[in-house]
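Every number in the numbering used here is 64 more than the matching position in the sequence shown, counting from 1.
Cβ coordinates follow ideal geometry from the N, Cα and C atoms, glycine included.
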Amino acid sequence: MVARQLDEQIAGRFPVGQRLRVLDVGMGQGTQALRLARAGHQVTGLERDQKMIAVAREALAAEPEGIRARMRIVEGDGRDTGVHFLPGSFDVVLCHGVLMYVEEPDALLAGLARMLAPGGLLSLLVRNADALALRPGLMGDWPTALAAFDSTVYRNRLGLDVRADRLADLTATLAGIGAPLHAWYGVRVFTDTAADGAE
Numbered sequence: 065m066v067a068r069q070l071d072e073q074i075a076g077r078f079p080v081g082q083r084l085r086v087l088d089v090g091m092g093q094g095t096q097a098l099r100l101a102r103a104g105h106q107v108t109g110l111e112r113d114q115k116m117i118a119v120a121r122e123a124l125a126a127e128p129e130g131i132r133a134r135m136r137i138v139e140g141d142g143r144d145t146g147v148h149f150l151p152g153s154f155d156v157v158l159c160h161g162v163l164m165y166v167e168e169p170d171a172l173l174a175g176l177a178r179m180l181a182p183g184g185l186l187s188l189l190v191r192n193a194d195a196l197a198l199r200p201g202l203m204g205d206w207p208t209a210l211a212a213f214d215s216t217v218y219r220n221r222l223g224l225d226v227r228a229d230r231l232a233d234l235t236a237t238l239a240g241i242g243a244p245l246h247a248w249y250g251v252r253v254f255t256d257t258a259a260d261g262a263e
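Right, dumping it as structure tokens:
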């Protein structure tokens, strides 16, 4: 779902066949970065976790030379993009599954917006605070569901208390940094409501 929506946004914004400069902040194992490199784009993956970097490097090493030449991995934190890259260096900046781990994301978002070339695309994948009550509500856990309406913090499946974003707040933040929201999608709507261990 995420890949499809991203491909649609790229196709709607850039000429067909254009080789894009992509920054994947918090690239994890490199799944999205490798997919875009395979599609012909020049991709830089930024990751701070050594284990994830090792997994991504291993996956990259298994790719053909042409793909390896189109992707580089940089060790670093998304909040330090200005240390690693010049403003306007990328056509597309991905930040998927990262903001929930950043207590105050406004500075990170502003830094990511600065990395975009004019007309660029900033793609965020965040936890939707407006939907935090859905899973406990569907499971009949009414006290947790009611509490979720007033919260932007939740415990993820790793057992970590992390933050979520409300659409109105994120829209205002993005407008304030000159990166207005163009589209909002619900991803993982069904899988996140499934009971733990469900297949």
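Apart from the five residues just before and just after residue i, which ones in its own chain have a Cβ nearer than 6 angstroms to its Cβ?
| i | result |
| --- | --- |
| G184 | D155 |
| R227 | M164, T216 and V217 |
| A211 | none |
| L100 | V86 and V107 |
Helix or strand or just coil, what does DSSP make of residue i?
| i | result |
| --- | --- |
| R191 | coil |
| Q106 | strand |
| H160 | strand |
| R143 | helix |
| G242 | coil |
| R136 | strand |
| G76 | helix |
| L196 | coil |
| L181 | The residue asked about is misnamed: residue 181 is Ala in this sequence, not Leu. Of the three classes helix, strand and coil, the one that applies to A181 here is strand, per DSSP. |
| L231 | helix |
| L173 | helix |
| L100 | helix |
| L210 | helix |
Measuring only the C-alpha atoms, how far is residue i from residue j?
| i | j | result |
| --- | --- | --- |
| V80 | G104 | 12 angstroms |
| A197 | T208 | 7 angstroms |
| L172 | G130 | 32 angstroms |
| G94 | A123 | 8 angstroms |
Just grab the DSSP bridge partners of residue i for me.
| i | result |
| --- | --- |
| Y218 | V226 |
| D88 | G109 and L158 |
| L70 | Partner(s): none; L70 has no beta bridge. |
| L186 | V157 |
Ordered along the chain, which non-local residues of its own chain (more than five positions away) have a Cβ less than 7 angstroms from that of residue i?
| i | result |
| --- | --- |
| A247 | Q73 |
| R143 | A171, L172 and G175 |
| A177 | L186, I241, G242 and A243 |
| R102 | I131 |
| T235 | L245 |
Mind checking which residues open and close the beta strand (DSSP E) that includes residue i?
| i | result |
| --- | --- |
| M203 | Looking at the DSSP string, M203 is not in any beta strand (DSSP E), and its letter there is neither H nor E. |
Is residue i close to chain D, meaning its C-beta is less than 8 angstroms from at least one C-beta of that chain?
| i | result |
| --- | --- |
| D205 | This model lacks chain D altogether, as it is built from one protein chain only. |
Got a sec, what are the start and stop residues for the alpha helix (DSSP H) residue i sits in?
| i | result |
| --- | --- |
| Q93 | Neither: Q93 is in no alpha helix (DSSP H) and is coded neither H nor E. |
| V119 | Q114 to A125 |
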